[in-house]
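Colleague:
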Amino acid sequence: MATIPAKVNRDELLTVRQVLDELGGLSRDTFYEWRERRVAPPCFRLPNGHLRVRRGDLLDWLDALRDAA
358 MATIPAKVNR DELLTVRQVL DELGGLSRDT FYEWRERRVA PPCFRLPNGH LRVRRGDLLD
418 WLDALRDAA
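What follows is the structure, given as structure tokens:
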């Protein structure tokens, strides 16, 4: 498992592929199913149609999942 540096750029924009990799190789289908169910990390669409996730939003989403467990 990769370690996250103590200081991360929370504004870094991650591609869907990067998010899937950070979630341990989650499938693209599962990610989009989560988006349809509104349980995925917050995303936004760029003018070119591609999705991005802010690293800070991903980390906050993971923290919320841990707190709910």
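For the sequence shown, this note's numbering begins at 358 and goes up steadily by one.
C-beta atoms are modelled at their ideal positions from N, C-alpha and C, and glycine is treated no differently.
(1) Where does the unbroken beta strand (DSSP E) through Leu-408 begin, and where does it stop?
(2) Measure the alpha-carbon distance for Thr-387 versus Glu-393 and round it to whole angstroms.
(3) Helix, strand or coil: how does DSSP classify Leu-403 here?
(4) Rounded to a whole number of angstroms, what is the C-alpha to C-alpha distance between Leu-383 and Leu-377?
(5) Helix, strand or coil for Leu-370 per DSSP?
Modeller: On the basis of the supplied data:
(1) 408-411
(2) Whole-angstrom Cα-Cα distance: 10 Å.
(3) coil
(4) 5 Å
(5) Looking at Leu-370 - three-state DSSP - the assignment turns out to be strand.
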